[in-house]
Amino acid sequence: GAVVSQHPSRVICKSGTSVKIECRSLDFQATTMFWYRQFPKQSLMLMATSNEGSKATYEQGVEKDKFLINHASLTLSTLTVTSAHPEDSSFYICSARDSYQETQYFGPGTRLLVL
Amino acid sequence: AQSVTQLGSHVSVSEGALVLLRCNYSSSVPPYLFWYVQYPNQGLQLLLKYTSAATLVKGINGFEAEFKKSETSFHLTKPSAHMSDAAEYFCAVSPYSSASKIIFGSGTRLSIRP
Chain A
1 GAVVSQHPSR
11 VICKSGTSVK
21 IECRSLDFQA
31 TTMFWYRQFP
41 KQSLMLMATS
51 NEGSKATYEQ
61 GVEKDKFLIN
71 HASLTLSTLT
81 VTSAHPEDSS
91 FYICSARDSY
101 QETQYFGPGT
111 RLLVL
Chain B
116 AQSVTQLGSH
126 VSVSEGALVL
136 LRCNYSSSVP
146 PYLFWYVQYP
156 NQGLQLLLKY
166 TSAATLVKGI
176 NGFEAEFKKS
186 ETSFHLTKPS
196 AHMSDAAEYF
206 CAVSPYSSAS
216 KIIFGSGTRL
226 SIRP
């Protein structure tokens, strides 16, 4: 089946630094990718929808200047958490839409810990 | 607007017993409905999805779910629980297609007693 990878799987950083998370569709082209955030013992909350070659659409309450999303190719979307703070510590999960199969595939997630 | 409500944040059953995880949805259009499973520190795996074909949907690992429009429900069942079924289960809805943005329920943690 289709595979979506995320890198890194785990990252620890100091407060005030920026962290980039990559989401790749390995064997299909994804015109649309989604970024979710999951706090411990909670559900996934959609942060933004990323379309290849255009600006991302952010959900209400998500700071677009803090969570920068770039989707420059059909197989790669990146989420950059700028000036990270401890409250940004979370599990970030991406998903990629396979347009031909009309199916969405999820990545394994990236755990971010900001000290 | 679309939403899902999962009844029971934690369900515990004995190994070999019936598993029933409840999900009710709200949607202004015919919905696409999903059940996902998440093992600790891992991403999501699709168990099954309803896309307006058959109302009884069979998924992986012996799970199935029945779409009941009159009850706005999409409960997940498995006849006989295995220890390996212990995980977090999420019901989800998408208003447009199985490839558009997905709205998740709050999740139900399934524990299996030996």
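Going line by line, the protein sequences match chains A and B.
Anchor point for the first sequence: position 57 equals 57 in our numbering, and the numbering is continuous, going up by one each time.
Just so we're on the same page, our numbering is the position in the second sequence counted from 1, plus 115.
Each residue gets a CB set at the ideal place from its N, CA and C atoms; glycine is no exception.
- Within the region 22-51 of chain A, contact with chain B at the beta-carbon level (separation under 9 Å) is assigned to 32, 34, 36, 38, 41, 42, 43, 44, 45, 46 and 49.
- The three-state secondary structure of residue 129(B), taken from DSSP, is strand.
- Taken atom to atom, the span from the alpha-carbon of residue 125(B) to that of residue 131(B) is near 18 Å.
- Looking only at 229(B), 223(B), 217(B) and 227(B), the smallest Cα-Cα distance to residue 137(B) is reached by 223(B).
- Chain B has no Cβ within less than 9 Å of the Cβ of residue 86(A).
- A residue is called buried when at least 16 other Cβ atoms come within 10 angstroms of its Cβ; residue 119(B) meets this threshold and is buried.
- Here residue 216(B) has 209 as same chain residues with Cβ atoms under 8 Å from its own Cβ, once five neighbours each way along the sequence are excluded.
- For residue 73(A), the uninterrupted beta strand (DSSP E) run begins and ends at 67-73, by DSSP.
- Residue 39(A) counts as exposed, since fewer than 16 other C-beta atoms from the protein chains shown sit within 10 angstroms of its C-beta.
- Taken in chain order, the members of the region 97-109 of chain A whose beta-carbon sits within less than 9 Å of a beta-carbon on chain B are 97, 98, 99, 101, 102, 103, 104, 105, 106, 107, 108 and 109.
- For residue 93(A), the chain B residues whose Cβ falls inside 8 Å of its Cβ are 158 and 159, in order along the chain.
- Sixteen is the threshold: since fewer than 16 other Cβ atoms of the shown chains lie within 10 Å of the Cβ of residue 101(A), the residue is exposed.
- Per DSSP, reduced to three states, the secondary structure at residue 200(B) is helical.
- Contact check for residue 173(B) against residue 148(B) fails: the beta carbons are separated by 9 Å or more.
- Taken atom to atom, the span from the alpha-carbon of residue 200(B) to that of residue 55(A) is near 40 Å.
- Looking at the DSSP output, residue 58(A) shares a beta bridge with 48(A).
- Taking all protein chains shown into account, residue 144(B) has fewer than 16 neighbouring C-beta atoms within 10 Å of its C-beta and is therefore exposed.
- Between the alpha carbons of residue 71(A) and residue 189(B) lies a distance of about 34 Å.
- In the three-state DSSP reduction, residue 22(A) falls in the strand class (E or B).
- In summary, no residue of the region 164-187 of chain B has a CB separated from any CB of chain A by less than 8 Å.
- When the Cα atoms are used, residue 58(A) and residue 156(B) turn out to be separated by approximately 25 Å.
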